[in-house]
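Visitor:
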Amino acid sequence: MVTCGNAGGIISGQIYPSADAPGYRKGHIINLGFLTVGIILNFIGYFILRRDEREIQAADELKRNQDLTHTELDVGEMGYEGEKRV
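Numbering (this note's numbering), first residue to last: 3 to 88.
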């Protein structure tokens, strides 16, 4: 994050040349373009995360609807003998 902020100082001299003063039209258009791309990427990320969350909730619901608890018979079949006390 700090690197991007420091790079802004270098880039600003390129997109805001003194020849464009006082309007700096080229620099503002470039900044507007980057802002637009950032907003679009945020929306895409939001919808991807929302889709993933729905998939996770559907998988959790499926697990809840199935009987996934092991009975003593199931545990015995898996080879677990537990603690043997004398």
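The C-beta atom is built at its ideal place from N, Cα and C for all residues, glycine as well.
In angstroms with no decimal places, state the Cα-to-Cα distance between residue 46 and residue 58.
Guide: Taking the straight line from one Cα to the other gives about 18 angstroms.
Visitor: If I follow the unbroken alpha helix (DSSP H) through residue 10, where does it start and stop?
Guide: Run containing residue 10: 4-17, per the alpha helix (DSSP H) assignment.
Visitor: Under a three-way DSSP split, which group does residue 61 fall into?
Guide: In the structure shown, residue 61 sits in a helix (DSSP, three-state: H, G or I).
Visitor: With burial defined as no fewer than 16 other Cβ atoms inside 10 Å of the residue's Cβ, what is the status of residue 74: buried or exposed?
Guide: Low confidence applies to residue 74: its pLDDT is 48, below 50, so where it sits in the model is not reliable, and the reading given next is rough at best. That one is exposed.
Visitor: Identify whether residue 26 lies in helix, strand or coil by the three-state DSSP scheme.
Guide: Note: residue 26 maps to coil in three-state DSSP.
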